[in-house]
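Each remark here refers to the structure printed beneath this line.
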Amino acid sequence: MFAPLLAALLQVPTPVPQAPASPATAHAAADTVERDSTTDRHGRRRRERRPVKRLEVTPDHLASAFKDAPARSLLLLARDARLRQDSSLASYDATTYQRISAGIAFARFGRDRLAFRSEDATRVRWRRGVGAYVDVTGSRAVVPIAGKSGSVSTDGSISPVPYYPGSETLWIGSGVARPTVDENDGIIHPLADGAEAYYTYETGDSVTFRLPDGRSIRLRELRVRPRQPRWNLAVGSLWFDMSGGQLVRAAYRMSVPMDIEAVAKADDSTEFNDVPAVMRPLLFPMTAQISAIGVEYGLFQGRFWLPRVQVAEGSIRVGVMRSPIKLEQRYQYENVNAGTPLPPIVVDSTNRRRGINLGVHIGDSPADDSARAARAARRGRRSIPCDSAGNRTYTRQSESMPNPVFVTISCDTARLAHSPALPPSIYEQGEEAFSSADMAEMEALVHQALSMDAQAQFAPQLPTVGVDRPRYNRIEGLSLGVRADQVLGAGYSLHGAARLGVADLEPNVELTGSRSDLRRTLSLTAYNRLVSASDWGNPLSLGSSISAFAFGRDEGFYYRASGLELTRTPDAGGESALVMSLFAEQERTARQQTTFSLARSVNGTQFEPNVEAVRGIYAGARARYLRSFGLDPQGFRLFSDTRLEGVHGDSGSYGRAAIDLTGSHGIGNGAASITVAGGSSVGVLPTQRFW
-3 MFAPLLAALL
7 QVPTPVPQAP
17 ASPATAHAAA
27 DTVERDSTTD
37 RHGRRRRERR
47 PVKRLEVTPD
57 HLASAFKDAP
67 ARSLLLLARD
77 ARLRQDSSLA
87 SYDATTYQRI
97 SAGIAFARFG
107 RDRLAFRSED
117 ATRVRWRRGV
127 GAYVDVTGSR
137 AVVPIAGKSG
147 SVSTDGSISP
157 VPYYPGSETL
167 WIGSGVARPT
177 VDENDGIIHP
187 LADGAEAYYT
197 YETGDSVTFR
207 LPDGRSIRLR
217 ELRVRPRQPR
227 WNLAVGSLWF
237 DMSGGQLVRA
247 AYRMSVPMDI
257 EAVAKADDST
267 EFNDVPAVMR
277 PLLFPMTAQI
287 SAIGVEYGLF
297 QGRFWLPRVQ
307 VAEGSIRVGV
317 MRSPIKLEQR
327 YQYENVNAGT
337 PLPPIVVDST
347 NRRRGINLGV
357 HIGDSPADDS
367 ARAARAARRG
377 RRSIPCDSAG
387 NRTYTRQSES
397 MPNPVFVTIS
407 CDTARLAHSP
417 ALPPSIYEQG
427 EEAFSSADMA
437 EMEALVHQAL
447 SMDAQAQFAP
457 QLPTVGVDRP
467 RYNRIEGLSL
477 GVRADQVLGA
487 GYSLHGAARL
497 GVADLEPNVE
507 LTGSRSDLRR
517 TLSLTAYNRL
527 VSASDWGNPL
537 SLGSSISAFA
547 FGRDEGFYYR
557 ASGLELTRTP
567 DAGGESALVM
577 SLFAEQERTA
587 RQQTTFSLAR
597 SVNGTQFEPN
607 VEAVRGIYAG
617 ARARYLRSFG
627 LDPQGFRLFS
637 DTRLEGVHGD
647 SGSYGRAAID
657 LTGSHGIGNG
667 AASITVAGGS
677 SVGVLPTQRF
687 W
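This note's numbering applies: residue -3 is where the sequence shown begins, and numbers increase by one.
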């Protein structure tokens, strides 16, 4: 299910090792072989069973595909260059650095905790006709959410190779450039033959710069827009060298998030049918999105464009849980078309293929230790032995691209983890690996190319309907809801939600129109809803509902509100988030309509009485700014939550301001934390806005 997202975010040009039947010398024979890097075994067989799937390019498509005449010429030039191999590029010697980060959060707005991070540094020596020799100079990975009980083992199998014959320059969908569109491959490449049926093209800006030898290089922008808002179509800006059509830089994203359930059911209609109905509101919606990808190439010897920096951001959402993902790669070239010859790489083609070799362990109980020892013993029977120099070596190769890669990695994992090729700490921002100038230039490129106006065409899609999460409180009792969503195109979408509590029988309705570029969303909502008056916690969440139903502890104070709200929210997690809204609403008292809880039936526990709201019309603005510092669970971390509110109502005007500061520091397998909160107000506050 997650393959399309991970294929774009984790471009591993050549896959993973397999232990040999018998050892061999480092340069004479491969210790292991990997056969397929761009597709897994099941995916490849699935495509073999399926005929090529693509729309036929009609005269109407060709007539509407190009917004200006130069766009067609530039597309054809870039399409030819994408598959053309420059035989004069014979070799290079490069160093690489790759960092993969994944976070986790259980609130829409709140602290993103680092769940996983890996760093790899390598030296890559590539020669045409031979392949690539990859020496892993640094490698480490952590699972911070598991504390000291978590461990990760890697073998360098996800380390990248900057370039090889037939590699995909745009870093989209596959490690190997595929000449024609095939929807079975997932993401539809905007430069592939037949892409005119899916995309429109328009030329943009141009830049000319002069080389030291006096020659001028002219770059031209090609803007790519999907004809429909689909998860596997890209929106972006591609820049090409006009002298040969080589890609120089690119910034793009997928046009809309991927509905994982819908995509899975398109392959197999029985997918997710085994999920119990009671669990569906907790697991769905289940989506994945790629919000930004940036690619920057550098010119070497005045002729060869080779990748320098590649950055990808995305996220996965499963119910209330979201996981932001970021992949960063940097390449530096010691020499191009120079260096000493490389010996041939001998591949043992009899070994079977394997997937990425990444082991994660969480837990430190005796049972866990026994299981870990058993796993280690099983791995030992398959693992690659250390040679006399203290290294493991293996060879990997793709069936679709005969470019063997010989990997050497030290058996000393401590030396790899503390390598000078890596930043001092895995939790640092990475300024040592990525220069501030490079990252600022990449960020500027992404923001300019992926503005709110960079969207797929307006083409309404079929709506989707789902069940909203149930909740329980002393106002509504048990409250059940449904929701419907429709993607319209051009970044626009419609959302509707309806909910009814069995105790108060007052309908909760929300109708929203929004526009998003997958980094931020602007939305206008008309609503009649139950609102929590509390500044802390989330009384309408599942956890609070369980507490109210089971223990008679309803943590919220509530009032009813009906009105309009204009909101700007961030779509992606990060170190900071700013939420702003303008609203006009009628507020009134929400009467308690139920006293039932399991605790009351056992020992008579009563709910706290609800507040009596001051009825009136209120209009104003709210803002919330969240900021976090520090990722190391064993170090110092700080989280701040600042809230501002200014409102004019029937009884006068008021303002509120509050800030929460939470500091924590790891202690053993746990942490000590302290929260300090303060707030103040001006004017006359209605009861429902008391602290």
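Glycine included, C-beta positions come from ideal geometry on N, C-alpha and C.
Being a predicted model, the structure only gives us computed values, none of them experimental.
Taking all protein chains shown into account, G298 has fewer than 16 neighbouring C-beta atoms within 10 Å of its C-beta and is therefore exposed. DSSP, read as helix, strand or coil, puts G616 in strand. Counting every other CB atom within 10 Å of its CB across the protein chains shown gives I96 a total of 16 or more, marking it as buried. In its chain, beyond the 5 residues on either side, Y197, E198, T199, L218 have a beta carbon closer than 7 Å to the beta carbon of A67. Residue pairing by DSSP puts G232 in a beta bridge opposite V220, Y248. DSSP places H57 inside the alpha helix (DSSP H), whose first and last residues are 55 to 61. For W122, DSSP records a beta bridge to Y88, A128.
Within 10 angstroms of the beta-carbon of N599 lie fewer than 16 other beta-carbons, which makes it exposed. Burial is judged here by how many other beta carbons sit within 10 angstroms of a residue's own beta carbon; Q602 has fewer than 16 and is exposed.
Each of V403, T585, A673 was checked against the Cα of P682, and the nearest Cα belongs to T585. Straight through space, the alpha carbons of P629 and T118 are spaced by roughly 27 Å. Per DSSP, Q684 has no beta bridge partner at all. Of the residues assessed, I613 falls on the exposed side of the cut-off, its CB having fewer than 16 other CB atoms within 10 angstroms.
For T199, the enclosing beta strand (DSSP E) starts and ends at 195 to 206.
Fewer than three beta-carbon pairs drawn from the stretch 481 to 491 and the stretch 400 to 416 are found closer than 8 Å, and the two stretches are therefore not classed as touching. Put simply, the backbone Cα of V231 is about 13 Å away from that of R515. Taking C-alpha positions only, S319 is separated from S540 by approximately 22 Å.
A direct Cα-Cα distance of roughly 7 Å separates L79 from G162.
CA-to-CA, the gap between R104 and V316 works out to about 8 Å. Per DSSP, P337 is not a residue of any alpha helix (DSSP H), being assigned neither H nor E. Residue ranges of uninterrupted beta strand (DSSP E) with 3 or more members, entirely inside the stretch 507 to 550 and ordered along the chain, are 516 to 528. Of the residues assessed, G171 falls on the buried side of the cut-off, its CB having 16 or more other CB atoms within 10 angstroms.
Secondary structure note for R75: its alpha helix (DSSP H) is the uninterrupted segment 65 to 79. Per DSSP, A262 lies in no beta strand (DSSP E) segment; the continuous alpha helix (DSSP H) that holds it begins and ends at 256 to 263.
For a cut-off of 8 Å, the C-beta gap from P222 to Y248 is around 11 Å, too long to register as a contact. Around the beta-carbon of I663, fewer than 16 other beta-carbon atoms lie within 10 Å, marking it exposed.
With respect to the 8 Å criterion, M435 and R511 are not classified as neighbours on the basis of their beta carbons.
Just measuring C-alpha positions, the residue of G659, R214, E257 sitting nearest A668 is G659.
The alpha-carbon separation between V252 and R470 amounts to approximately 38 Å. The residue among A308, E309, V332, I312 with its C-alpha nearest the C-alpha of G294 is V332.
In this structure, I655 sits near G674, with a CB-CB distance shorter than 8 Å. By the neighbour-count criterion, in which a residue is buried when 16 or more other Cβ atoms sit within 10 angstroms of its Cβ, I168 is buried. Around the beta carbon of M275, fewer than 16 other beta carbons lie within 10 angstroms, which makes this residue exposed. H644 sits in a strand when the DSSP states are folded into three classes.
According to the DSSP assignment, A673 belongs to the beta strand (DSSP E) that extends over 666 to 679. Note on T671: under 16 other CB atoms within 10 angstroms of its CB, so exposed under the neighbour-count rule.
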